[in-house]
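Here's the structure, in structure tokens; my notes come after.
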Amino acid sequence: MQEQVPLEEHAAEEKLNWLRLATKFSSDGDLKGMRACAQEVERLKAGDVDAAAVNAEVALYSGRTDEAETLADQVLSVQPRHPRARMVKAGLAALDFRLDDEIALLADLIEELSYKEKLLGAEDLSYTIYHQILRRARGWLADALYLVGEAKG
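Heads up: the sequence shown begins at 12 in the working numbering, then just goes up one per residue.
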């Protein structure tokens, strides 16, 4: 007879798998895939902040900046250090050409995620999510620093 996995543990692992897939779809630019993953997370737990953060990211990439900001603010009011929601805020700052705000947001996020990535290690299921967000944050920061240099140059 096999040991039964507790229902809550199973739901948490399923949620993490959907969020990992959403992160992969984000890297691929597949907004429909991201939205579907957010719906699955929402199905597991109505009002889930991670689902809202994925939807905020989808809204950002779809050009629906007001919706992206509203969703990101809702997530951050519950979890002020939520990495995906903070990336959305950095993206919104970039779109408004508020580069100093974007740089500050990204630098803080990169520092935190670099530590978290080392702490978790590659074998942790959530590692891929943090690793992808960290890679994107580093890329966006490099772009923002380049633009600041160009503007001052």
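Each residue gets a CB set at the ideal place from its N, CA and C atoms; glycine is no exception.
So the candidates are Ala49, Val60, Gly44; which of them puts its Cα closest to the Cα of Pro94? Val60
Nearest neighbour of Ala64, chosen from Ser38, Gly74, Lys100, Lys35 [CA to CA]: Lys100
Under a three-way DSSP split, which group does Lys127 fall into? helix
Could you please give the first and the last residue of the uninterrupted alpha helix (DSSP H) stretch that includes Ala57? Premise fails: Ala57 is in no alpha helix (DSSP H) and is neither H nor E.
Starting from Gly102, trace the alpha helix (DSSP H) both ways and give me its first and last residue. Under the DSSP assignment, Gly102 falls in the alpha helix (DSSP H) whose first and last residues are 94 to 106.
Between the beta-carbon of Ala62 and the beta-carbon of Ala49, is there less than 8 Å? yes
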